[in-house]
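Read in order, the letters of the sequence shown correspond to residues -25 to -1, 1 to 194 in mature numbering (1 follows the signal peptide of the UniProt record, and there is no 0).
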Amino acid sequence: MSIATAVKLVAVVAFVLQQISVGLASDHHRRGKELLDTEDSDFFRCKQATRKSCCGKENSLKRFGDKDKKAADECYAEVAEKFAKVSVAPKQDLFSSEAVKITKKKQFCLHECIGKKNQLLLEDGSLNKTFINEYAMKSIFKEQWQKQVGQKALDKCLGETYIPWPAEETENRCNPEYVQFQHCLWLEYESNCPNDQRKVSKKCEKTRNRYRMQKSSTN
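Rendered as structure tokens:
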């Protein structure tokens, strides 16, 4: 594995482990959350603050493709059922390599499910590129500056070759392409934000520096 590929993989893993939790309202949604909230899956349900955008007034990419969270609610329950019988490390070993691996698998499967329900992915979990481009340019990138930055990001990220699911991993297979695409889109959009749309704060400057380092490492 090349250094660039390794860096890209580390960045994607970090993105996977930072995905936000969604509220579950109906009975079957609560059932899904209960399954995810067992001691064996604490790491998966770990909550964090919503990823904040440093570009523009709104967080345009928040819940990309699933603004009403309907698919996410359904997919939490489905993924929980799918992994209900998977044995993981004891609670005290949640940061073991095996526990983290299962956490990543759950996130890959969760986002593949969400993408399929919203027509963003094809049946095999690969990107539905034409639909994604049309959806983003019509529903996400509305202002002219957003369209310019967004189209550039889409062109790059829809043309990327992403790391596939390991061939030796046969249990509960899911396609990790959508998670990697989301990470790419976020990174490109935030990194190429026009100067007059950038939020000015120490936190945002620190974030932009981190993005620059990620991009320089993978180029």
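Glycine is no exception: its CB is placed at the ideal position from the N, C-alpha and C atoms.
Bridge partners of leucine 102 according to DSSP: Leu96. Judged by beta-carbon spacing, glutamate 163 lies within the 8 Å limit of lysine 131, meaning their Cβ atoms are closer than that value. Taking C-beta atoms under 8 Å as the contact rule, lysine 174 and cysteine 29 qualify, at a distance of about 5 Å. When secondary structure is reduced to three states using DSSP, cysteine 30 falls in the strand class. Between the region 147 to 157 and the region 111 to 129, the count of Cβ pairs shorter than 8 Å is below three; the stretches do not touch. Nearest to glutamate 135 by alpha-carbon distance, out of Val124, Glu152, Lys178 and Lys32, is Glu152. In this structure, glutamine 119 lies away from glycine 31, with their beta-carbon atoms at least 8 Å apart.
The beta carbon of lysine 104 is closer than 7 Å to those of Leu133 in its chain, skipping five residues each way along the sequence.
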